[in-house]
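Here's the structure we're looking at; comments come further down.
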Amino acid sequence: MPAKKKAAAKKPVKKAIKKAPAKAASKSKKDAPEKKPAKSYQSLRGMKDILPGQGKYFMKTFDAARNVAEAYCYGYLETPVLEAAQLYVKTIGRGTDVVDKEMYTFEDRDGSKVALRPEFTAGIARSYISHGMLNQPQPVKVWSVGQLFRHDRPQAGRYRQFHQFNCEVIGTRDPVIDAELINMAYSFLKDLGIQSEVRINSIGSADDRQNYTIELVGYLRTKRAYLCDLCKKRINKNPLRVLDCKEPGCQEALEEAPQIIEWLSTASKDFFMKVLEYLDELHIPYVLTPTLVRGLDYYSDTVFELFVEGEEGSQSALGGGGRYDALLESIGAREPTPASGFAMGIERIMLTLQKMDKKELLDGQVLELSGLPERQFYFAQLGEQARRKALSLIEELRQSGIMVGSSLSKGSLKTQLETANKMGATHSIIIGQKEVQDGTVIIRDMDSGIQEIIDQKKIEAHLRKIMK
Ligand code: AMP
Numbered sequence: 001m002p003a004k005k006k007a008a009a010k011k012p013v014k015k016a017i018k019k020a021p022a023k024a025a026s027k028s029k030k031d032a033p034e035k036k037p038a039k040s041y042q043s044l045r046g047m048k049d050i051l052p053g054q055g056k057y058f059m060k061t062f063d064a065a066r067n068v069a070e071a072y073c074y075g076y077l078e079t080p081v082l083e084a085a086q087l088y089v090k091t092i093g094r095g096t097d098v099v100d101k102e103m104y105t106f107e108d109r110d111g112s113k114v115a116l117r118p119e120f121t122a123g124i125a126r127s128y129i130s131h132g133m134l135n136q137p138q139p140v141k142v143w144s145v146g147q148l149f150r151h152d153r154p155q156a157g158r159y160r161q162f163h164q165f166n167c168e169v170i171g172t173r174d175p176v177i178d179a180e181l182i183n184m185a186y187s188f189l190k191d192l193g194i195q196s197e198v199r200i201n202s203i204g205s206a207d208d209r210q211n212y213t214i215e216l217v218g219y220l221r222t223k224r225a226y227l228c229d230l231c232k233k234r235i236n237k238n239p240l241r242v243l244d245c246k247e248p249g250c251q252e253a254l255e256e257a258p259q260i261i262e263w264l265s266t267a268s269k270d271f272f273m274k275v276l277e278y279l280d281e282l283h284i285p286y287v288l289t290p291t292l293v294r295g296l297d298y299y300s301d302t303v304f305e306l307f308v309e310g311e312e313g314s315q316s317a318l319g320g321g322g323r324y325d326a327l328l329e330s331i332g333a334r335e336p337t338p339a340s341g342f343a344m345g346i347e348r349i350m351l352t353l354q355k356m357d358k359k360e361l362l363d364g365q366v367l368e369l370s371g372l373p374e375r376q377f378y379f380a381q382l383g384e385q386a387r388r389k390a391l392s393l394i395e396e397l398r399q400s401g402i403m404v405g406s407s408l409s410k411g412s413l414k415t416q417l418e419t420a421n422k423m424g425a426t427h428s429i430i431i432g433q434k435e436v437q438d439g440t441v442i443i444r445d446m447d448s449g450i451q452e453i454i455d456q457k458k459i460e461a462h463l464r465k466i467m468k
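Going by the numbering used here, the first residue of the sequence shown is number 1, and it counts up by one from there.
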């Protein structure tokens with residue numbers, strides 16, 4: 001009791017103290033020289049903040065990725081963002097957009113040339129070799145989520161820093177693995193509520209491609225006048241890339257181009273047929289796409305991309321992948337180490353999810369910035385003692401596996417209950433000074449407004465009953 005009286009007597013003093021510095025400040029402000037505001041900074045071009053309102057789409061995507069990867073027994077692997085630049089030049093290849101134009105390459109302090117990873121596969125292959133994973137049971141299946149960097153022209157769905165969900169299977173050449181990977185990518189999108197379309201092709205072995213390329217270059221030379229400037233250069237540098245150019249003139253010029261599928265060896269053809277048979281078995285719809293070649297040098301045989309079903313155009317793949325049987329040997333594997341994998345673009349998937357939620361978009365910026373999480377229960381408090389008790393009761397609930405919403409910095413019950421409604425809470429747990437003393441809390445049904453008082457020791461059991 002005396003403590004209470006003391007606190008009450010102190011109130012006016014507190015008020016006085018609060019007022020004093022404000023006056024002093026306004027006086028000194030007059031005399032002080034005007035202070036320039038500090039320089040403010042924007043994020044770099046093509047680099048996006050994932051704001052709390054978008055964070056839930058990011059986490060949803062991450063959780064779906066983890067679920068599918070763990071279900072198929074893939075182990076999580078995290079490789080460094082920075083690798084030797086040469087690793088990517090060797091694997092992705094000179095003449096590709098990624099290496100020639102988009103890679104962030106710079107000299108490290110010791111003079112060595114390093115690069116921010118533009119994709120996952122090369123780093124994972126490097127990791128497989130340097131950790132002797134060849135000695136583990138084969139194949140080695142790994143998944144990753146992380147940032148990639150490409151100095152591309154930014155636009156909706158294309159950034160200079162972005163994330164991918166990536167899966168790789170290293171150490172086997174089996175069509176069933178390609179089908180498993182395609183199924184995982186397809187199911188991952190389906191789990192997120194995205195119906196996708198798989199476009200698929202085979203680009204055969206290096207020999208098949210060499211023979212085909214001679215034929216293709218001959219054809220492209222006859223159509224040179226119709227090609228865009230970039231594709232004119234590509235005829236000699238990287239003719240396969242002409243196949244997936246989006247320029248209308250190039251598309252038209254390609255209508256009668258020879259198709260790579262006709263140049264496949266029997267082994268590659270049989271392999272591809274098997275992949276398609278497995279996809280049929282899985283009831284995965286696919287579209288055979290002869291112009292699909294993918295942009296990187298290391299691919300062989302199966303290549304595929306996934307698009308939102310019904311969306312025209314080939315600019316906006318949600319992800320893609322393929323087999324890369326020769327890559328590991330090209331960076332030091334002592335024996336043939338065939339492999340296959342895919343990468344899904346997380347930002348593009350988030351954009352698709354946001355569109356599905358009919359949120360207003362402006363190039364990926366959601367107007368809803370606060371990102372309030374959804375909670376069935378909300379913990380409201382009134383007064384300092386109640387706030388202290390609420391802190392420990394919320395933590396006890398968290399430890400028992402019940403997450404409740406709260407806004408402990410807010411004093412007004414009205415504001416707190418409004419927040420509870422925004423979080424979609426069905427019930428609020430309310431504690432004030434009286435409840436602290438009684439060892440109770442009030443449980444309020446947010447729809448009916450009906451309240452009941454329960455013992456603090458019984459909160460968990462009570463909430464569990466409501467959850468049923
Ligand atoms: P890729 O590694 O080029 O096959 O890309 C796989 C997926 O990553 C694409 O289908 C996109 O969804 C995503 N992606 C690639 N580049 C970017 C980028 N610059 N910005 C955002 N997402 C990207």
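By construction, the Cβ of each residue, glycine as well, lies at the ideal position given by its N, Cα and C atoms.
For residue i versus residue j, is the C-beta distance shorter than 7 Å?
i: I124; j: E168; result: yes
i: I394; j: S409; result: no
i: D97; j: G295; result: yes
i: A380; j: S340; result: no
i: A185; j: L306; result: yes
i: T91; j: A122; result: yes
i: E197; j: E309; result: yes
i: R209; j: I200; result: no
i: P290; j: I261; result: yes
i: R173; j: D325; result: yes
i: V217; j: G171; result: no
i: Q376; j: T426; result: yes
i: L243; j: V293; result: yes
i: N166; j: S144; result: yes
i: G157; j: L351; result: yes
Look at the alpha carbon of residue i and the alpha carbon of residue j, and state the distance between them as a whole number of angstroms.
i: Y226; j: E247; result: 10 Å
i: L51; j: K414; result: 27 Å
i: S159; j: I284; result: Checking the sequence shown, residue 159 turns out to be Tyr, not Ser. C-alpha separation (whole angstroms): 30 Å.
i: P21; j: K35; result: Confidence at P21 is low in this model, with a pLDDT of 43, below 50, so the placement of that residue should be treated as unreliable; the coordinate-derived value is given next. Approximately 20 Å between the Cα atoms of the pair.
i: G523; j: E329; result: Only positions 1 to 468 of the chain appear in this structure, which leaves residue 523 out of reach.
i: L82; j: A343; result: 19 Å
i: E277; j: T302; result: 13 Å
i: K232; j: V99; result: 19 Å
i: I453; j: S400; result: 21 Å
i: R126; j: V287; result: 33 Å
i: Y72; j: G132; result: 23 Å
i: K10; j: Q456; result: Here K10 scores only 38 on pLDDT, less than 50, and its place in the model is too uncertain to base an answer on.
i: P80; j: G53; result: 28 Å
i: H263; j: K269; result: One point to set straight first is that residue 263 is Trp, not His, in the sequence displayed. Going from the Cα of W263 to the Cα of K269 covers about 9 Å.
i: L361; j: K101; result: Because the pLDDT at L361 is just 44, under 50, the model does not fix this residue reliably, and the value given afterwards should be weighed accordingly. For L361 and K101, the distance between alpha carbons rounds to 29 Å.
i: C228; j: T222; result: 14 Å
i: R150; j: G95; result: 15 Å
i: M356; j: I194; result: 9 Å
Which one of the options has the shortest CA to CA distance from residue i?
i: M423; options: L372, A386, I260; result: L372
i: S300; options: P338, D100, E309; result: P338
i: K56; options: D445, Q433, T426, E374; result: E374
i: V477; options: A64, V308, R387, T291; result: Only positions 1 to 468 of the chain appear in this structure, which leaves residue 477 out of reach.
i: N183; options: T266, D280, L417, K269; result: D280
i: L382; options: P336, E396, K434; result: K434
i: M467; options: Q416, I402, I450; result: I402
i: A85; options: M103, F165, G95, L292; result: M103
i: A206; options: L189, A267, A253; result: A267
i: K458; options: K190, I443, S112, F62; result: I443
Consider the C-beta atom of residue i and the heavy atoms of the ligand AMP; say whether any pair is separated by less than 6 Å.
i: Y159; result: yes
i: G123; result: no
i: G322; result: no
i: R45; result: no
i: A65; result: no
i: A339; result: no
i: A185; result: no
i: L318; result: yes
i: G95; result: no
i: F165; result: no
i: E119; result: yes
i: A156; result: no
i: F307; result: no
Regarding residue i and the ligand HEM, is the C-beta to nearest heavy atom distance less than 6 Å?
i: D152; result: Among the ligands in the structure shown, the ligand HEM does not appear; only the ligand AMP can be found there.
When the cut-off is 7 Å and only beta carbons count, does residue i lie next to chain B?
i: Y212; result: The chain inventory of the structure shown lacks chain B, comprising one protein chain alone.
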